[in-house]
Structure formats: C-alpha cells, structure tokens
Amino acid sequence: MTIQYMDDGFAPHVDRGITTARSRLEPSRLSRDQGGETEKHSRAMVEHILALEPERVPAVTAELFTEAIAIANAVRKAQGRGPVTSFRARDFWEILKDLIDSVLEK
C-alpha cells in the first residue's frame, strides 16, 4: 500500500474533505451552508491545526479530519449551538492521527 502524504500542501485534501462532508450532509438537508460561515469556520479550523503539525501527515488523515469537523459543525449549527472549539478539534485530531498511524503500521 502506498501512502500519499500532504507534501504538496493541505488545500486539495481539505477541499476533498469538505466535498465529502457536503455529500454526506445532503440527504439530511444540513448542507445548505455551502460556502457560508460554518464551512469557512471548518476550513479555517482544520487548516490551523494541520499547519501546527510538525510531522508529515497522510492525506487520508487530513481528509477524514476535515470531513468530521465539517459534519460536526453543520450538526451543531442545526442544533443552535456554536462551532466545534479548537480544543475539541485538536483532541479529535490526535485521536484520529493515532488511529490512522496504528492502521498504517500493520
């Protein structure tokens, strides 16, 4: 198995994660915010956390992380709650990174 890393920057991988989140949210009609504040917040949060990462990150990890944050933000908005905090996003990032690393090590 070949692992693709984000050597060319994380923008294309964040874009793919946002697109996947939109398609998953469409059936529930939660994706009406395309390009709106919720999506901008999700993108900014993910880019900030990925920029802090000192190690090479597998592209799939960045895409899954982006998708999860975008979906969480859309659901929270629908519930009338604020966006995911950076503290919770960083915690999730560490958990996801450990999970993907354990899979890739095998």
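The numbering of the sequence shown is full-length UniProt numbering, which starts it at 1 and goes up by one. The C-beta atom is built at its ideal place from N, Cα and C for all residues, glycine as well.
Asked, Found
"Return the Cβ separation of Ala-62 and Gly-17 in integer angstroms, given the expectation that the two are a contact with Cβ distance under 8 Å.", "7 Å"
"Kindly indicate which residue of Arg-43, Ile-3 and Ser-86 has the alpha-carbon position closest to the one of Ala-21.", "Arg-43"
"Taking 8 Å as the limit between beta carbons, can you name the residues of its chain near Pro-58, skipping five residues before and five after?", "Ile-3, Gln-4, Tyr-5, Met-6, Ile-100 and Leu-104"
"What's the gap between the Cα of Glu-37 and the Cα of Ile-69?", "13 Å"
"I'd like the span of the alpha helix (DSSP H) that includes Gly-36, first residue to last.", "Gly-36 -> no alpha helix (DSSP H), and no H or E assigned at all."
"Could you work out which residue in Ser-102, Glu-55, Leu-96 and Ala-89 is closest to His-41 when comparing CA atoms only?", "Ala-89"
"With a cut-off of 8 Å on the beta carbons, I'd call Val-60 and Val-14 a contact; round off their distance for me.", "In fact, because the Cβ distance is near 13 Å, the residues do not count as touching under 8 Å."
"Verify the contact flag: Ala-51, CB atom, against every heavy atom of the ligand FMN, threshold strictly below 6 Å.", "Absent from the structure shown: the ligand FMN. Ligands present: none."
"Put Pro-27 into one of helix, strand or coil per three-state DSSP.", "helix"
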